[in-house]
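Working notes for the structure below.
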Amino acid sequence: MTIFEEVKELVDVPTAARHYGVEVHRSNMANCPFHHDRTPSMKLYDDHYYCFGCQAHGDVIRLVQELFGLAPIEAVKQLSNDFSLGLDVDKPPDMTAVNRRRQEIVKQKAEQANIERMYDILLRYYTLLDKYKIRFAPKAPDDEIDGRYVYAVHHIEYAWYLLETFNRTDVVQQQEIKTEVDRIEREYKRILDEWGE
Ligand SMILES: [Zn+2]
Numbered sequence: 019m020t021i022f023e024e025v026k027e028l029v030d031v032p033t034a035a036r037h038y039g040v041e042v043h044r045s046n047m048a049n050c051p052f053h054h055d056r057t058p059s060m061k062l063y064d065d066h067y068y069c070f071g072c073q074a075h076g077d078v079i080r081l082v083q084e085l086f087g088l089a090p091i092e093a094v095k096q097l098s099n100d101f102s103l104g105l106d107v108d109k110p111p112d113m114t115a116v117n118r119r120r121q122e123i124v125k126q127k128a129e130q131a132n133i134e135r136m137y138d139i140l141l142r143y144y145t146l147l148d149k150y151k152i153r154f155a156p157k158a159p160d161d162e163i164d165g166r167y168v169y170a171v172h173h174i175e176y177a178w179y180l181l182e183t184f185n186r187t188d189v190v191q192q193q194e195i196k197t198e199v200d201r202i203e204r205e206y207k208r209i210l211d212e213w214g215e
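Taking our numbering, the leading residue of the sequence shown gets 19, the next gets one more, and so forth.
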């Protein structure tokens with residue numbers, strides 16, 4: 019493996035982009051740092067990026083080159099320094115550093131999966147309430163009020179608030195509301211058991 023391949027394996031594009039101050043939103047859409055970007059137009063994949071606004075694209079090395087005006091090898095060195103990868107042009111890789119970084123990646127992926135799961139629960143809960151609110155709304159003034167409608171009306175704003183908060187905040191804050199998401203998950207299961215979809 020060359021040092022170029024090595025660095026690409028050890029630092030994915032979204033991780034590097036975040037590290038260098040690029041604002042990354044859900045689904046790895048980012049505000050493009052290479053043109054005046056009001057809406058996130060740049061899609062970040064693990065191994066490359068592509069801007070739908072200005073067509074900027076490349077791998078993680080290219081990203082760092084463009085951000086800091088560096089030659090490819092300088093970009094590799096910068097990444098190696100900033101992520102403590104212990105990679106050097108003339109020496110074999112420092113396997114302790116490389117393995118430490120590999121473990122970090124595994125941990126990050128697990129955290130990411132957990133975040134996705136939490137978001138999914140909030141979204142399902144909100145969607146269910148939205149369904150209840152529409153489907154079981156009273157049709158006439160003297161209709162008996164359906165319990166599902168009452169529940170939905172009482173909880174839907176908070177559900178929306180949680181979903182929005184979760185969307186806007188960073189990983190640390192998302193972890194902080196984990197207890198609340200756990201409670202929502204139990205609540206979601208409870209109403210689903212009682213009332214169905
Ligand atoms: Zn762009």
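Just so it is clear, CB atoms sit at the ideal spot from N, CA and C, and this is done for glycine as well.
Quick one, are the C-beta atoms of residue i and residue j less than 8 Å apart?
| i | j | result |
| --- | --- | --- |
| ASN132 | ARG44 | no |
| ILE21 | VAL82 | no |
| PRO110 | GLY104 | no |
| ILE139 | ILE202 | yes |
| CYS50 | GLY76 | no |
How is the beta strand (DSSP E) around residue i delimited, first residue to last?
| i | result |
| --- | --- |
| MET60 | 60 to 62 |
Give me whichever residues DSSP pairs with residue i in a beta bridge.
| i | result |
| --- | --- |
| GLY76 | TYR67 |
| ALA48 | VAL42, MET60 |
Out of the options, state which residue places its alpha-carbon closest to the alpha-carbon of residue i.
| i | options | result |
| --- | --- | --- |
| ARG204 | VAL190, ARG142, TRP178, GLN191 | ARG142 |
| LEU210 | GLU24, TRP178, TYR176, ARG166 | ARG166 |
| ASP64 | MET136, GLY39, LYS196, THR33 | THR33 |
| ARG135 | VAL199, GLN191, PHE101, ALA177 | VAL199 |
| LYS61 | SER98, THR197, CYS69 | CYS69 |
| ALA174 | ASP161, THR187, TYR144 | Before going further, note that residue 174 is Ile rather than Ala in the sequence given. Ranking ASP161, THR187, TYR144 by Cα distance to ILE174 puts TYR144 first. |
| PRO90 | ASN99, SER59, SER98, ILE79 | ILE79 |
| HIS37 | GLU212, ARG56, ASP188, SER59 | ASP188 |
Please report the residue range of the alpha helix (DSSP H) in which residue i lies.
| i | result |
| --- | --- |
| PHE101 | PHE101 -> no alpha helix (DSSP H), and no H or E assigned at all. |
| GLU203 | 196 to 213 |
| GLN145 | Checking the sequence shown, residue 145 turns out to be Thr, not Gln. Start and end: 113 to 153. |
| HIS53 | Unbroken run through HIS53: none, as it is neither H nor E. |
| LYS26 | 21 to 28 |
| PRO32 | 31 to 37 |
| GLY87 | No alpha helix (DSSP H) contains GLY87, which DSSP labels as neither H nor E. |
Report yes or no: do the stretch 169 to 179 and the stretch 142 to 154 share at least 3 C-beta pairs separated by less than 8 Å? Look at the beta carbons and you see the stretch 169 to 179 touching the stretch 142 to 154: at least three pairs across the two are nearer than 8 Å.
Assess contact between the stretch 152 to 160 and the stretch 175 to 183, defined as three or more Cβ pairs (one per stretch) separated by less than 8 Å. Is contact present? No: fewer than three Cβ pairs fall under 8 Å.
Decide if the stretch 114 to 133 is in contact with the stretch 22 to 34; the criterion is three or more beta carbon pairs, one per stretch, under 8 Å apart. Contact between the stretch 114 to 133 and the stretch 22 to 34 is present: three or more C-beta pairs spanning the two stretches fall below 8 Å.
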